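J.:
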Amino acid sequence: SDLALQTTPAAVRIFDIEAKVEDITLIDKDLDSTEIGGPISWIPPGPPAINVVWLFRVVTATDDAGSDRSQLGDDVPVGINELFAPAETSVEGKGRLAIFIASTLCEQTTPTAVPINDTHQPVSFVWFPDFDLDSAEIGGRVEWGTPLDVDQIVNYVVFFAPGIGTVGRFHIGTFPIGTNSLVLPTDTPMGSFTHFLVYTKSPLAESSMPFSYEIDDIDSTVLNLRFTDLDLDADEIGGNITWDPAGDTLRFNRVEHYHVYFALDAGGYYRDQVADDLMSGTNQVLVLADTLLVSRLEQTVVTCTFTMADVIDSVFYDGNNITDQVIGDLSGWLFEKTVTIIQEPFAYLVISGHGSDFDADVCFVSGFLITCTDGVSSDSEGWESYGLAEPFDPLH
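Under the numbering used here, think of the first position of the sequence shown as 729, with each following residue one higher.
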C-alpha cells in the first residue's frame, strides 16, 4: 500500500525446463555424395518438458549450434517424431543434422545435433574389353565392381551415353544386387555413344552421379590387303593374298584367327571361304593356280522381282532375314521390289506383308506377284500362302 510493502509475498517455485530430443537417426537412401534422402526420426523429451513442446524443426547446419541452417520440410507438430527428406536434398557444406524444439512462446536457442551420415555408394570400377573386332561396333562383357557399402542398394542401372552426362543416354538394363556384369552381343552398333554409365539404385532413387567408363572400340581390320594374280589364264587366278595386322592388334591382340573369303562385293556378300582358319600371326594365304575367277556361288545367283498388297514386312531366305537387302519401296503394291539370293538346297523364300485398308475384304484385295531369273514366278507350283488377322510372330 502507500504505507508499506507486505512482509510475506506470494511465491511460486521456478522450474527451468530443458527440452532436448535424443537418438536422432537418418537412414540415407540417396546414394550421392552431398545429398540425402530418407526417413529422419528422433525420441522426444520426456515429462515434464514434453508438456510444453509445441513443435520440432529439423534443419541441416554447419555446427552443433545450428549455424547457417536450412530447414528440411515443414514444422513437425508434437506427437510426431519423424520427417521424410526427399531424394537429392542437398547438404553441401552442411555437416550437422539438428532439431530445434519450440514452445508456444519461442524456439530454443541450442538444438540437439548429430553428424550427417551421408551415404555415397557408387560402383568401385567399370571394365569393358571389346571383343567385336569391327570399327563402330562392340561386343563383350561389361563388368562393374561392388560398392564398399551395399546396405541401401537394390539395383545397378546401366546406360549407353554420348558423354559422361545424362543427356541422350540409352537404357541397357537394370540388374539386381549381386549381378556384376552383362554381355553385349557382337555387332552392337555404337552410333554416337562413347561411354557406359553405371548407376546404383536404392528403394528411394537412382544415384545422380554414375560411374562413367569411356568405351575403347577395338578395330582389328587388317591393313594393306594385297593380291597379285600369277595365273596367266583367262578367268583363272592364283597367287598369294597378303595383309598387315591392324594397329589395334598390336595394342590389344584379341585376334585368334583370320578367315579369308571370296565374295561378290566388298561387303562380303555371299562369301566363300578360301582356306581353313588361319592362326593369328599368319599374314598370307595361297590361292592355288587354276582357281576359277567365277565362284560356285556366283553361278547360282537368282534375282527376284516382286510386290505384295500392300506393305512388305519382312523377307527371309533359308531362315535368314534379308529384308535390308531388298531394293525398292516396301510400302505399296505399285512399287516394284527386287532381291538377289544364292540358291541353296531345300531353302525357302518367305515374304510377309499386311494390308493397309482395314475396311476392305482382305481376302478379296490381297495379292502377290513374283518373277525370278531362274524361271520361278507366282504362277509356279510350290508357293504356300497364309492369311491371319494378327501377326504370326514378331517377324511375320
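Cβ atoms here follow ideal geometry from the backbone N, Cα and C, with glycine treated the same way.
It should be emphasised that the depicted structure is a prediction, and the values quoted were computed from it without experimental measurement.
Can you give me the Cβ contacts of residue 1017 inside the same chain, cut-off strictly under 6 Å, excluding the 5 residues immediately before and after it?
T.: Excluding residues within five positions, the ones whose Cβ falls inside 6 Å are 959, 966.
J.: Throw me the rounded Cβ distance for the residue 930 and residue 1012 pair, which I believe falls under 8 Å.
T.: About 58 Å separates the two Cβ atoms, so there is no contact after all.
J.: Between which residues of its own chain and residue 857 is the CB-CB distance below 7 Å, once the five residues before and five after are set aside?
T.: Contacts found: 868.
J.: Taking residue 759 as the reference, give the member of 1060, 753, 818, 797 with the closest Cα.
T.: 818
J.: Quickly, what does DSSP pair residue 835 with across the bridge? List them, please.
T.: 830
J.: Could you check if residue 1031 is buried or exposed, using at least 16 other CB atoms within 10 Å of its CB as the buried criterion?
T.: By the beta-carbon neighbour count (other beta carbons within 10 angstroms, threshold 16), residue 1031 is exposed.
J.: Kindly indicate which residue of 764, 771, 933 has the alpha-carbon position closest to the one of residue 1125.
T.: Here the chain covers residues 729 to 1124 and nothing more, so residue 1125 does not appear.
J.: So residue 824 and residue 788 are supposed to be a Cβ contact under 8 Å. How far apart are they, rounded?
T.: With 8 Å as the limit, residue 824 and residue 788 qualify as a contact, their Cβ atoms being about 7 Å apart.
J.: Could you pull the start and end residues of the beta strand (DSSP E) that residue 875 belongs to?
T.: No beta strand (DSSP E) holds residue 875; DSSP gives it neither H nor E.
J.: Comparing alpha-carbon positions, which option in 1080, 905, 938, 902 lies nearest residue 1112?
T.: 1080
J.: I'd like to confirm something about residue 1071: is its beta-carbon nearer than 7 Å to some heavy atom of the ligand GTP, or not?
T.: Annotation note on the ligand GTP: not contained in the displayed structure, which lists no ligands.
J.: If you compare alpha carbons, which of 891, 915, 926 is closest to residue 900?
T.: 926
J.: Counting Cβ pairs closer than 8 Å, one from the segment 871-890 and one from the segment 911-922, do we hit at least three?
T.: yes
J.: Can you find the residues in the same chain that come closer than 6 Å, C-beta to C-beta, to residue 939, ignoring five residues on each side of it along the sequence?
T.: The beta carbon of residue 939 lies closer than 6 Å to those of 850, 851, 854, 926 in the same chain, with the five residues before and after it left out.
J.: With H, G and I counted as helix, E and B as strand and the rest as coil, what does DSSP make of residue 905?
T.: coil
J.: Tell me, to the nearest whole angstrom, how far the beta carbon of residue 752 is from that of residue 827; I am working on the premise that it is less than 8 Å.
T.: 6 Å
J.: Just verifying my parser: in three-state terms, what is the DSSP assignment at residue 1031?
T.: Strand.
J.: Between which residues of its own chain and residue 767 is the CB-CB distance below 7 Å, once the five residues before and five after are set aside?
T.: 755, 810, 812
J.: My guess is that residue 838 and residue 782 are in contact by the Cβ rule of under 8 Å, so how many angstroms apart are they, rounded?
T.: About 17 Å; that fails the 8 Å criterion.
J.: Compare the Cα-Cα distances from residue 1114 to each of 1100, 1099, 1095 and report the closest residue.
T.: Among 1100, 1099, 1095, the Cα nearest to that of residue 1114 belongs to 1095.
J.: Can you tell me whether residue 797 is buried or exposed, with buried defined as 16 or more other CB within 10 angstroms of its CB?
T.: Classification of residue 797: buried, given that the 10 Å Cβ count is 16 or more.
J.: Let me confirm a value: residue 1072 is counted as buried when at least 16 other C-beta atoms fall within 10 Å, else exposed. Which label applies?
T.: By the neighbour-count rule (16 or more Cβ atoms within 10 Å), residue 1072 is not buried but exposed.
J.: Under the rule that 16 or more other beta-carbon atoms within 10 Å means buried, what is residue 1007, buried or exposed?
T.: exposed
J.: Is residue 870 buried or exposed, if buried means 16 or more other CB atoms sit within 10 Å of its CB?
T.: buried
J.: Note down the Cα distance separating residue 993 from residue 1050, rounded to an integer number of angstroms.
T.: 16 Å
J.: Using only alpha-carbon positions, find the residue among 1098, 1039, 883 that is nearest to residue 1083.
T.: The option with the nearest alpha carbon to residue 1083 is 1039.
J.: Hey, would you say residue 953 sits closer than 8 Å to residue 1034, going by beta carbons?
T.: no
J.: In the DSSP assignment, what are the bridge partners of residue 923?
T.: 889, 942
J.: Buried or exposed: where does residue 941 fall if 16 or more other Cβ atoms within 10 Å of its Cβ makes it buried?
T.: buried
J.: Could you please give me the residues that DSSP links to residue 1013 through a beta bridge?
T.: 969
J.: So, are the CB atoms of residue 924 and residue 943 less than 8 Å apart?
T.: yes
J.: Using the Cβ count rule (16 or more neighbours within 10 Å means buried), how would you classify residue 843?
T.: exposed
J.: Which parts of the segment 750-837 are runs of the beta strand (DSSP E), unbroken and 3 residues or longer, counting only runs that do not cross its ends?
T.: 750-754, 763-771, 783-789, 810-818, 824-830
J.: Between 1010, 1015, 971, 972, which lies nearest to residue 990 when the distance is taken from Cα to Cα?
T.: 1015
J.: So, under 8 Å CB-CB, residue 1055 and residue 1029 are touching, yes? Tell me the CB distance rounded to an integer number of Å.
T.: Not really, about 14 Å apart at Cβ, beyond 8 Å.
J.: For residue 834, count neighbouring Cβ atoms within 10 angstroms of its own Cβ and tell me buried if that reaches 16, exposed if not.
T.: exposed
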